[in-house]
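There are 2 protein chains.
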Amino acid sequence: MNMSVLRMNALVAKSRAMERLKQTLNILSVRNHRQFNTIQQGSKYTLGFKQYVTLSNGEVASFFHDVPLALNESEKTVNMIVEVPRWTTGKFEISKELRFNPIIQDTKNGKLRFVNNIFPYHGYIHNYGAIPQTWEDPTVKHELGNDAVSLEGDNDPLDCCEIGSDVLEMGSIKKVKVLGSLALIDDGELDWKVIVINVNDPLSSKINDIGNVEKHFPGILDATREWFRKYKVPAGKPLNSFAFHEQYINSSSTIQIIKECHKSWRKLISGSLDDKYDKLPRIERSGNGIILEDSAKPPSQVPPEVQKWYYV
Amino acid sequence: MNMSVLRMNALVAKSRAMERLKQTLNILSVRNHRQFNTIQQGSKYTLGFKQYVTLSNGEVASFFHDVPLALNESEKTVNMIVEVPRWTTGKFEISKELRFNPIIQDTKNGKLRFVNNIFPYHGYIHNYGAIPQTWEDPTVKHELGNDAVSLEGDNDPLDCCEIGSDVLEMGSIKKVKVLGSLALIDDGELDWKVIVINVNDPLSSKINDIGNVEKHFPGILDATREWFRKYKVPAGKPLNSFAFHEQYINSSSTIQIIKECHKSWRKLISGSLDDKYDKLPRIERSGNGIILEDSAKPPSQVPPEVQKWYYV
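Residue numbers (our numbering), protein chains in the order written: chain A, 1 to 312; chain B, 1001 to 1312.
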C-alpha cells in the first residue's frame, strides 16, 4: 500500500468523524430549541403549499427527523405529528422528497390528492398523522405472524390515528398514548395504522389498551377498519385487506413495532442504506441555521367534486 | 244601524278589497321576477348574520312566502330552500320572527346554536332545508295514523332532507323530487322530515319512491332515523321518537302532507289565524320595492367545542 492511499484513508476517516461530530452537535442544538413552531409557504390546496416545522431559534427543521419520538414505555406515550385534521379530505403528508420534509399535499399524476367521502363518514375519521423518527423499511420483508405473508414496508414514517374528541390542527405535535394497531395491507405494502389518543383528551386516562377503546368510543374500531378497507374504492382500487385476521394488535406489541421502526429510522439516517433503495426519504436535519420565510397565503378553493359522498 | 256605521263598514270592505288587490299585484310582481338571488348581512356565525332572498329587480323577498312551492304532482317535485349544507353544524333556518324571513342562525338562551356531531356522522348528514309556502300549523292537532296520538305542528315550514351526493349551498333554491317522509316527534311536537333528492343528482331519475332509496343509497334511511333520534342527546335532551312505528311514509302520502301544509300556509298568510296563536310567523312578502344593502362580512370562527365528536 503506498503512501497516498494511506493518506486518503486517513482523510476519509477524519471526514467521517467530523460528520458524526457535526451530527451530534446538530442534535444537541435541536434539543436546545425544542419548542417547535411551524411556518407555511403558499396557499393550502395548491401544489406550492408547504408547512415546515421550525425550532425556537427560527431555523427550519424536519418533522420526520428532528421532532423526537419521545417514547415513554411506562406511560406508553410517543409524539405524533398531525397531518390531516379529522373530517378533512386533503391528503396532506410529510414529504419524503423535499429537503426538511415539510407537510405538503400528496399528488397523483400531477393532481392534488383528496380522499373520497365514504358513507356514513366525512373525510378522515381520525386526526391522522405520523410518528416522528420512525420508518417502515422498504428494503426488508416483514413477517406477519401466522398469516404466512411477508411484506415490504411502505417507506414512510409510521401512520397513526388519533381518536380523541377534539379536532387537531395540521402540523401540531401532540403527546399521544399508544393503544394498539391494525396491519393494513395497502396496495400490497405493509402499512401499520397505530391507534392513539391525545393525552389531553378527557378520556385518555381511562384508556390504556386497545381492549378499553370500545367502551368509551363505541364503534370507532370497526369504523376504522371499514374506512381503511374501502377508502380507495371510489378511485378505482380494490378493497384493502389486513394481516392478523383483521384483528387489532395490543399496545405492548405496537410499542415493539414502534421500536423496530425507530431502529429502521436510525439505519435510514445513518446513510447505510443509501445503495439499497433508490427512493429513500431525504434525511437533512436542522442544525445549519437555515431560515425560511413564512409566505402563507389564504387557502384555495377545494374542488367541488371532492364533496361527493360515495356509498361503497 | 246609523249612517256612520254603514259608511265605516263600506270603508272596511273597500280597504279589504284593496288589500286583496294589492296582494294579487304583489304576487304577480314576484312571478315576473322569479330569478331569485340572495344578499347577506353581517358575518356568518355571529348574531347579526342574515341571508335574504331577492327578486331579479333587486327587491327583498321572503324565502318562506315568496319562493313558490312549485308542486308538480306527476313529477313529484317541489322547491326546496337549503338552510344547512351537508357536514356543517350551524343551525341556520328561515326566521319566523324577522320581516321577510331571512335565513339566520338559531339561538338558544342568546347563544348561537350548533348541532353536535354524533358518531359516526359529521354535522348534518343531508342538505337540510325547508319547503317554501308550507307550514306545520300549531293551532290544530294532527292525527297520526294508528298511533292514537295527535300532536300540534311545530309552527315552521316543512323540513326536508336532500340525499343527493353533492353539497348544496345555503340559501340556494333547488327543484327536488319528493321520496317519502318520517314523522319525527321532536320535543313533543310533530315535525315531519321530508326525504327528497335534487332532480340534478345523477341518481334522481332512478329513484321515484322511498322504496327505491336503499338500493342506491344503502344505509341512508336508517342513518337518517338514528341521526334524528340522537341529535339532541349531547345537549341534555332525551332520545326523540317517531310516529307510524318509525316507518317512512311513501311519496304519495308525503305529497298529501305537503298539500295540507300548503293549505295551512294559505290560512297563515290570509291573516285568519291572527287571534289564535301568539307566535305566528311574520308574513310580509315582496311587492313593496324594498331594497336592502348587501353587507356581507367574512365568516367568523366556529367555537372549537362545536368540533367535538359524541358517542351516543
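Where a beta carbon is used, it is the ideal one built from N, C-alpha and C, also for glycine.
Contacts that residue i makes with chain A (C-beta to C-beta distance below 8 Å)
i, result
"residue 1165(B)", "308, 309, 310"
"residue 1125(B)", "120"
Span separating the alpha-carbon of residue i from that of residue j
i, j, result
"residue 1213(B)", "residue 298(A)", "40 Å"
"residue 1(A)", "residue 10(A)", "The predicted model places residue 1(A) with a pLDDT of 49, which falls under 50 and marks its position as unreliable; any figure quoted below should be read in that light. Computed Cα separation, rounded: 13 Å."
"residue 239(A)", "residue 229(A)", "5 Å"
"residue 1236(B)", "residue 274(A)", "59 Å"
"residue 1085(B)", "residue 43(A)", "25 Å"
"residue 1114(B)", "residue 1234(B)", "11 Å"
"residue 65(A)", "residue 155(A)", "14 Å"
"residue 72(A)", "residue 62(A)", "21 Å"
"residue 112(A)", "residue 1191(B)", "43 Å"
"residue 1141(B)", "residue 1189(B)", "10 Å"
"residue 282(A)", "residue 123(A)", "29 Å"
"residue 1133(B)", "residue 1262(B)", "6 Å"
"residue 1307(B)", "residue 1232(B)", "15 Å"
"residue 208(A)", "residue 251(A)", "8 Å"
"residue 1181(B)", "residue 1196(B)", "9 Å"
"residue 1294(B)", "residue 184(A)", "52 Å"
"residue 1194(B)", "residue 1248(B)", "9 Å"
"residue 1198(B)", "residue 1254(B)", "17 Å"
"residue 290(A)", "residue 110(A)", "29 Å"
"residue 1081(B)", "residue 260(A)", "56 Å"
"residue 167(A)", "residue 203(A)", "15 Å"
"residue 280(A)", "residue 1037(B)", "54 Å"
"residue 186(A)", "residue 69(A)", "24 Å"
"residue 1277(B)", "residue 1105(B)", "24 Å"
"residue 1288(B)", "residue 1099(B)", "13 Å"
"residue 45(A)", "residue 1201(B)", "26 Å"
"residue 152(A)", "residue 108(A)", "22 Å"
"residue 116(A)", "residue 1285(B)", "42 Å"
"residue 1171(B)", "residue 244(A)", "50 Å"
"residue 1301(B)", "residue 1041(B)", "17 Å"
"residue 311(A)", "residue 1241(B)", "27 Å"
"residue 1256(B)", "residue 1103(B)", "27 Å"
"residue 1143(B)", "residue 1258(B)", "15 Å"
"residue 1159(B)", "residue 49(A)", "41 Å"
Outcome for residue i when other beta-carbon atoms lying within 10 angstroms are tallied against a minimum of 16
i, result
"residue 21(A)", "exposed"
"residue 1304(B)", "exposed"
"residue 14(A)", "exposed"
"residue 1219(B)", "exposed"
"residue 224(A)", "buried"
"residue 19(A)", "exposed"
"residue 47(A)", "exposed"
"residue 51(A)", "buried"
"residue 157(A)", "buried"
"residue 205(A)", "exposed"
"residue 211(A)", "exposed"
"residue 222(A)", "exposed"
"residue 101(A)", "buried"
"residue 17(A)", "exposed"
- Members of the segment 105 to 121 of chain A that neighbour chain B once the beta carbon cut-off is set at 7 Å: 119, 120, 121
- Which of the residues in the segment 208 to 240 of chain A, read from start to end, lie with their CB under 8 Å from any CB of chain B? 216, 217, 218, 219, 220, 223
- Item | Near-chain B residues of the segment 66 to 91 of chain A (beta-carbon distance less than 8 Å), N- to C-terminal order | 86, 87
- Report yes or no: do three or more beta-carbon pairs, one from the segment 84 to 102 of chain A and one from the segment 175 to 191 of chain A, lie closer than 8 Å? no
- Query: Are there three or more Cβ pairs, one per stretch, closer than 8 Å when the segment 133 to 143 of chain A is compared with the segment 262 to 282 of chain A?
  - Reply: yes
- If we count Cβ pairs, one from each stretch, closer than 8 Å, do we get three or more for the segment 1147 to 1163 of chain B versus the segment 1050 to 1058 of chain B? no
- Query: Can you find at least 3 beta carbon pairs, one from the segment 1263 to 1270 of chain B and one from the segment 1070 to 1083 of chain B, that sit closer than 8 Å?
  - Reply: no
- Message: With three or more beta-carbon pairs closer than 8 Å as the criterion, would you say the segment 152 to 166 of chain A touches the segment 118 to 127 of chain A?
- Response: yes
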